[in-house]
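What follows is one structure encoded as structure tokens, with my remarks underneath.
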Amino acid sequence: MQDLWNFALKLYARAGVEQACLELQETGSDVCLLLTGAWLQRRGVRCLDERLQALQQAAALWQREVIAPLRQVRQDWRANASQDAELAALREQVKKLELQAERVLLDRLQALAENWPNEAGGDDWLIRLAGGDSAALQVLRGAVDHP
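Right under this line is the structure:
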């Protein structure tokens, strides 16, 4: 079984996936949860309400308290960093911290879900996690369904 982090990196590198994830993030989706859902879907793990809630609860605090503030600082500094080399260097460090925080979250989500059995059927993880279908979600689904 491929670990979640390496699965996420490989999926994110596929054509169109990064942009789709950014669009989904802008509409309120948690990209770490979507990547976890894609990993579970690929493994054939059934999407059950209690599993979905467990993942969402595990991610919520970390997203709110750690990842979101780092992302906000990075975004707030974007305009000024283009004019200030020292700020640009600091912004890159914040970006690395944000990525490291996302990796910690993915590791935690994997630990929670890695022993869930593979079984056929059930709802679509991606639609449930995104709260509905969209063009961006179709790009992500296509990358998952056609490795």
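The numbering of the sequence shown is my numbering, which starts it at 8 and goes up by one. Beta carbons: idealized from backbone N, C-alpha and C, even for Gly.
Three-state class that DSSP yields for residue i in the structure shown
{"i": "Asn13", "result": "helix"}
{"i": "Gln90", "result": "coil"}
{"i": "Ala20", "result": "coil"}
{"i": "Asp114", "result": "helix"}
Neighbourhood of residue i by C-beta, 6 Å cutoff - its chain only, sequence neighbours within 5 removed
{"i": "Val146", "result": "Gly23 and Ala27"}
{"i": "Trp69", "result": "Leu112"}
{"i": "Ala127", "result": "none"}
{"i": "Gly44", "result": "Trp132, Leu133 and Leu136"}
{"i": "Trp123", "result": "Val52"}
Sheet register partners of residue i (DSSP bridge)
{"i": "Val52", "result": "Asn125"}
Integer-rounded CB distance, given that residue j should sit under 8 Å from residue i
{"i": "Asp114", "j": "Trp12", "result": "7 Å"}
{"i": "Leu18", "j": "Ala118", "result": "With 8 Å as the limit, Leu18 and Ala118 do not qualify as a contact, their Cβ atoms being about 19 Å apart."}
{"i": "Arg50", "j": "Asn125", "result": "6 Å"}
{"i": "Leu116", "j": "Ala65", "result": "6 Å"}
Contacting residues, own chain, Cβ-Cβ under 8 Å from residue i (five flanking each side not counted)
{"i": "Leu31", "result": "Val38, Leu41, Ala137, Ser141, Ala143, Leu144 and Leu147"}
{"i": "Arg85", "result": "Arg98"}
{"i": "Ser36", "result": "Leu136, Ala137 and Gly138"}
{"i": "Ser89", "result": "Ala95"}
For residue i, the first and last residue of its enclosing alpha helix (DSSP H)
{"i": "Arg148", "result": "Ala142 to Asp152"}
{"i": "Glu33", "result": "Val24 to Glu33"}
{"i": "Trp132", "result": "Trp132 to Ala137"}
{"i": "Asp83", "result": "Ala75 to Asp83"}
Sequence-distant residues of the same chain with beta carbon closer than 7 Å to residue i, five excluded per side
{"i": "Ala108", "result": "Val73, Ile74 and Leu77"}
{"i": "Asn87", "result": "Leu94"}
{"i": "Val80", "result": "Val101"}
{"i": "Leu59", "result": "Arg135"}
{"i": "Leu106", "result": "none"}
{"i": "Glu25", "result": "Tyr19"}
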